[in-house]
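> One structure coming up, written as structure tokens, with questions to follow.
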Amino acid sequence: MENNIELQNVSKKYKDFELKDISFNVPQGCIVGLIGENGAGKTTTIKSILNITKAEGIVKILGKDSKENEKELKEEMGVVLDDSFLSEYLTAKQVNSIMQDFYKTWNENKYNQLLKQFDLPTNKLIKDFSSGMKMKLKIATAISHNPKILILDEPTSGLDPVVRNEILDIFRKYIEDDETRSILLSTHITTDLEHISDYIVFIEKGKIVFDLPTNELLENYGIIKCSKDDFIRLDKKDYIAYQKGKYQYEVLTNDKNTIRRKYNMTIIDKPSIEDIMLFYIKGEK
Amino acid sequence: MIKALLKKDLYNLATYKASLIIIILFCGIAIIGTEAMTIAPAIICGIIGMISLSTFSYDEMSKSNRYILTLPTNRKELVIEKYILAIGATVLGGILGMLITVIVVNVMNDLRPENIINLDYQSLIVATMGGIWGISFLQAIQIPSIYKWGAEKGRIQMFILVFIIVAILSGIYFLINKANINMNMEMIKNFITKFGVWIFIISTIVMYFISYKIAYKIYKHKEE
């Protein structure tokens with residue numbers, strides 16, 4: 080499977096934060112979810128991919144060096160940033176007029192169709208839009224030049240479940256329409272990713288904790304619920320982290336079948352991505 | 032891509048339409064009241080030139096540069112576009128000021144044939160060029176400062192700068208008067224008539240060029 084985005088040892092140092100040796104791929108036809116706490120390094124990673132911030136390491140987009148072919152490659156990308164857009168004092172109609180001068184492949188008909196589909200007014204100032212409307216406009220703007228890669232930074236934060244679901248449907252359809260496309264989606268709302276992502280990359284304090292297929296993560300990981308005596312029997316190699324409850328121990332493992340076989344433990348719950356993330360961040364090792 | 036960036040800024044500036052019409056009307060009334068030829072070019076050129084810099088505030092409010100850098104453009108084009116807009120606005124302001132003066136004076140002369148105002152085109156052009164030079168000077172300093180410190184601090188810094196310039200010029204004028212130095216005004220006038228246009232053109236280009244180089248160097252390394 081070809082990769083649309085490849086990161087090799089991407090590092091960036093700030094005064095109080097460091098992104099260390101980030102390496103992962105975004106394969107064709109896949110949605111990759113980038114998860115982590117606020118301030119974990121998700122946005123810095125995205126900024127490094129987009130060359131907004133100068134980072135060390137190699138970033139390849141569609142097989143080409145992202146720094147050497149910046150303008151050409153950006154024609155192939157659509158980007159949605161949570162907190163940034165052209166201007167709040169523009170209308171959707173004016174956005175169309177501006178974007179057709181940015182992109183050679185801008186498709187005005189597609190953009191207008193999307194505005195209609197999302198029920199967005201064309202002559203109202205963006206500052207008067209609701210958060211959901213603003214996000215839908217950003218998405219319509221990002222996909223109207225038929226990019227090969229979609230990079231989304233927190234596209235669902237602050238939105239109600241109905242709008243979030245609508246937006247996730249758009250991403251699903253975007254990949255279904257052309258399987259050579261890819262999406263890199265950064266979010267701290269991990270429930271969104273359980274339904275749509277193919278891979279999960281988890282970043283914590285500027286480092287990658289894991290980069291795994293979503294299915295593998297949800298099928299192999301488990302939360303063992305056991306007594307103190309059972310917990311003591313567990314080999315440290317067989318679990319990732321644990322949390323001591325009032326009446327029992329909760330232990331995260333990345334191989335629940337082995338635990339069942341080896342220790343004859345039966346109460347192993349299927350964790351959500353959020354549970355897994357919380358164990359890595361808050362659990363004791 | 033510069034065209035797209037210019038469009039974005041011009042759409043943002045469209046909110047100033049009403050203010051601009053009021054300023055033009057105010058200048059027209061001021062010309063009628065004072066019969067002075069230098070008011071409109073200086074005021075309109077100054078205001079339009081400075082309004083063009085308010086696009087930096089719009090950019091900061093929407094954090095638009097971060098988004099724009101994800102589009103097929105680069106930092107160099109972003110900086111060049113700001114200079115094109117600033118220079119264009121200043122020159123347009125100067126031309127608009129001149130035109131208003133000519134129109135108002137001619138209308139007044141038609142309405143009051145008994146009190147003809149002599150339209151001195153040379154003074155009008157000198158006033159316009161002076162206005163353009165002054166605003167260019169301020170912009171050349173302000174644009175790199177905005178890139179360095181942001182729109183808000185850049186504006187404060189400009190007021191300080193204007194105050195310092197006025198203080199220095201007043202000081203020089205005071206010292207010349209105090210020292211009783213007789214300036215050969217005729218020689219100065221001849222010099223300006225002979226070389227004024229060239230000094231204006233060359234110094235304006237040099238100012239903007241140096242300013243652009245500094246602004247780009249600052250912005251190249253700025254985190255968005």
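Each protein sequence line maps, in turn, to chains A and B.
Using our numbering, the letters of the first sequence correspond one by one to residues 80 to 364.
Using our numbering, the letters of the second sequence correspond one by one to residues 32 to 255.
Glycine included, C-beta positions come from ideal geometry on N, C-alpha and C.
Every value quoted in this text rests on a predicted model; they were computed, and no experiment measured them.
1. At 9 Å on the CB atoms, spell out the chain B contacts of V138(A), in chain order.
2. Have a look at K316(A) and E183(B) and give me their C-alpha separation to the nearest angstrom.
3. Looking at chain A, is there any beta carbon in it that lies within less than 8 Å of the beta carbon of S93(B)?
4. Do three or more CB pairs link the stretch 60-70 of chain B to the stretch 154-168 of chain B at distances below 8 Å?
5. Ignore the nearest five residues each way along the sequence and tell me which others in N140(B)'s own chain have a CB closer than 7 Å to its CB.
6. Which bits of chain B does S163(A) rub up against, with CB to CB less than 7 Å?
7. Under 8 Å between C-beta atoms, does F181(A) make it to chain B?
8. State yes or no: is the C-beta of N104(A) within less than 8 Å of the C-beta of E135(A)?
9. With 8 Å as the threshold, decide whether the Cβ of N43(B) is near any Cβ in chain A.
10. Going by CA-CA distance only, name the one from C109(A), Q107(A), T123(A) that's closest to I282(A).
11. Taking a contact to mean a Cβ-Cβ separation below 8 Å, would you say Y182(A) touches H224(A) in this structure?
12. Does the distance from the C-beta atom of I228(A) to that of R251(A) stay below 8 Å?
13. By DSSP, does P72(B) sit in helix, in strand, or in coil?
14. Of all the residues that make up the stretch 86-100 of chain A, which are near chain B by a beta-carbon distance shorter than 7 Å?
15. Can you give me the start and stop residues for the alpha helix (DSSP H) that N336(A) sits inside?
16. Would you say E254(B) lies against chain A (beta-carbon separation less than 8 Å)?
17. Helix, strand or coil for F194(B) per DSSP?
18. Would you grab the beta carbon distance between Y253(A) and I230(A) for me? Rounded to a whole angstrom, and I think it's under 8 Å.
19. Which residues in the same chain as N213(B) place their Cβ atom closer than 7 Å to its Cβ, once the five residues preceding and following it in sequence are excluded?
20. Among residues of its own chain, excluding the 5 on either side of L116(B), which ones have a beta-carbon nearer than 7 Å to its beta-carbon?
21. Can you grab the Cα-Cα spacing for the pair K335(A) / Y93(A), in whole Å?
22. When the Cα atoms are used, what is the spatial distance from G259(B) to H252(B)?
23. By a C-beta neighbour count over all protein chains shown, 10 Å radius and 16 as the cutoff for buried, is D256(A) buried or exposed?
24. Which runs of the alpha helix (DSSP H), 4 residues or longer, sit entirely within the stretch 279-306 of chain A?
25. Could you name the residues of the same chain whose beta carbon sits closer than 6 Å to that of L127(B), not counting the 5 residues immediately before and after it, in chain order?
26. I'd like to know whether the C-beta of V158(A) is nearer than 8 Å to at least one C-beta of chain B.
27. Which runs of the alpha helix (DSSP H), 4 residues or longer, sit entirely within the stretch 163-230 of chain A?
On the basis of the coordinates in this document:
1. Near V138(A) there are no residues of chain B at all, since even the closest Cβ is about 14 Å away, more than 9 Å.
2. 56 Å
3. yes
4. yes
5. I147, I148
6. S93, K94, S95, R97, Y98
7. yes
8. no
9. yes
10. T123(A)
11. yes
12. no
13. helix
14. none
15. 335-342
16. yes
17. helix
18. 12 Å between Cβ atoms; not a contact.
19. none
20. L37, D40, S83, T86
21. 39 Å
22. Look at the range of chain B in this structure, 32 to 255, and you will see that residue 259(B) is not part of it.
23. exposed
24. 293-299
25. I75
26. yes
27. 171-181, 187-196, 210-222
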